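Below is one structure, written out as structure tokens; comments come after it.
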Amino acid sequence: MSFIVDLSIYAIKHGRAHRVLPSLIIAQGILESASGTSELAMNANNLFGIKSGSGWSGDIYTKQTAEHNTDGTVYYIDADFQKYPTIEGCVIDLVYKYVNGTGWEAHNRYAAVLNQTDYKKATAAVKAAGYATDVNYPAKLNELIEQYELTKYDKEVDYVVKIALDAGHGINTAGKRTPDGEREWSLNNKVLLACAAKLNKYQDVQILRLDDSTGNTDVSLTTRTNKANAWKADALVSIHHNAFDGKWGSHGGVETLVQEITASKASKDIAAIIQPRIVFAMGLRNRGVKTDNLHMLRESSMPAILTEGGFMDSTTDIGALRSDAKLKAQGEAIADGLAVYFKLKLKVAGTPVPPKEDEELKFSSPALKKETETSLVSRAHRQIIVAAAVKSGAHASWTDKLGNNTLTDADVLGLAVKYTVTVNK
Ligand SMILES: [Zn+2]
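Residues 114 to 538 in my numbering are what the sequence shown lists, from first letter to last.
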């Protein structure tokens, strides 16, 4: 049973995201890998007998394999199979095959596998697409799905997004205060409470707080990340406010940090979605998404960001930091950004507004939309980002892409994140 439980985690994560039934993925895994005990599963983490195609650049595992003629008779061939570092990689590959097709046909022969709610239709579609030569393949999968009650993994109802929230420091932590003695934790706490309140307006969200909610104890960073890791949070947001040298000055602005070098794509995506929202909520300068080596980002095993919602020693920013309305808006901006990333639905009575599938960034106001477009679309901004990225080691071909207008918004964000370029400088 533990094989099914282990596999179900990845089948749910990647299957649901791409509208492939987890029950189908798990049944295929059980059948094709003899519940994880097959030679291919043990030596190559290949649960589905995925053969190596021309597009495969990873490791290869060669093995003799049985094939079936259409009349059911068996013959043997030597075949190359894809070797994966983890089982999850194999699940991703199977799901991508269904989503994208074979890669050598214009038409996706697996299209009918997607968006099914009836597992019998899904297993029939897999066979119809020519996935397996065994004529009894769908019947065998259906039997496994029924025997192990795998349809329970198809239900959306038990899917909960777990968000770990962290107000940086404690109320008495030395140094973490404005030149006038106002405490950073108090600012962080107000943002956290507003963020949690807004998150609770969405369906299927659980929140875990990592700091001491009274502020009296500055909980150690190790305790904080251990707590988030043990809880298996889906994302971690550590909320902070910046300081330059503790003396009033005209510096200022909002930035969001991800771990240098090792940040996951999810961390960068979440940062890219949340950063402009905080900028707009606070009405402060946009310092962009940056990288650093920080405990909360490095030692957490889920996508993690650290927000700096303005400078506590900035004469420009302090007005916004002293405004409870702006801190509330900042917390809600973080919650709304998470909602966009995790595709959360608001708990609304009455007629729900159907979500737009292709709308990656949902803007809460026309002004925010304009702000983000200015960062991304403005040619001047793009030139600054590309020039700085190339100067710090990005390939020179990015300049060509800028020149011939093939640079996408994702490219620009990627360059900005990777090379720690300040968007508005
Ligand atoms: Zn801090």
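The beta-carbon is built from N, C-alpha and C at its ideal position, and this holds for glycine as well. Since the model is a prediction, treat every value here as computed from it, not as a measurement.
Quiz prompt | Classification of Met-155 by the beta-carbon crowding that lies within 10 angstroms, buried from 16 upward | solution = Classification of Met-155: exposed, given that the 10 Å Cβ count is below 16.
Quiz item: Would the beta-carbon of Lys-314 be found less than 7 Å away from any heavy atom of ligand 1?
Solution: no
Quiz item: Between the C-alpha atoms of Glu-201 and Tyr-123, what's the straight-line distance to the nearest angstrom?
Solution: 6 Å
Quiz item: In the region 176-232, which residue ranges form an unbroken beta strand (DSSP E) of at least 3 residues, counting only runs that do not cross its ends?
Solution: 187-196
Quiz prompt | Simplified DSSP assignment, three categories, for Gln-316 | solution = coil
Exercise. Could you have a look at Ser-427 and say whether DSSP puts it in helix, strand or coil?
Key: strand
Quiz prompt | Residue of Gly-142, Ala-343, Trp-169 and Pro-292 minimising C-alpha distance to Ile-276 | solution = Ala-343
Quiz item: For Glu-259, is the beta carbon positioned less than 7 Å from some heavy atom of ligand 1?
Solution: no
Quiz item: Is it right to say Glu-297 is buried, meaning 16 or more other beta carbons lie within 10 angstroms of its own, or is it exposed?
Solution: buried
Exercise. Answer yes or no: do Ala-356 and Phe-424 have a C-beta to C-beta separation smaller than 8 Å?
Key: yes
Self-check item: Three-way DSSP call (helix, strand, coil) for Pro-468 in this model
Solution: Because the pLDDT at Pro-468 is just 40, under 50, the model does not fix this residue reliably, and the value given afterwards should be weighed accordingly. The answer is coil: DSSP assigns Pro-468 none of H, G, I, E or B.
Exercise. Find out if the Cβ-Cβ distance for the pair Ala-394, Ala-442 is shorter than 8 Å.
Key: Between Ala-394 and Ala-442, the C-beta gap is smaller than 8 Å, which places the two residues in contact.
Quiz prompt | Euclidean distance between Cα positions of Gly-283 and Gly-366 | solution = 23 Å
Quiz item: According to DSSP, is Ala-346 helix, strand or coil?
Solution: coil
Exercise. Give, in chain order, every unbroken run of the alpha helix (DSSP H) that is at least 4 residues long and sits entirely within the region 135-163.
Key: 135-146 and 152-157
Practice problem: Measure the alpha-carbon distance for Trp-511 versus Gly-328 and round it to whole angstroms. | Solution: 47 Å
Self-check item: Rounded distance between the beta-carbons of Val-248 and Val-239, thought under 8 Å
Solution: In fact, because the Cβ distance is near 13 Å, the residues do not count as touching under 8 Å.
Practice problem: Can you give me the Cβ contacts of Gly-450 inside the same chain, cut-off strictly under 6 Å, excluding the 5 residues immediately before and after it? | Solution: Ile-386, Ile-387 and Arg-390
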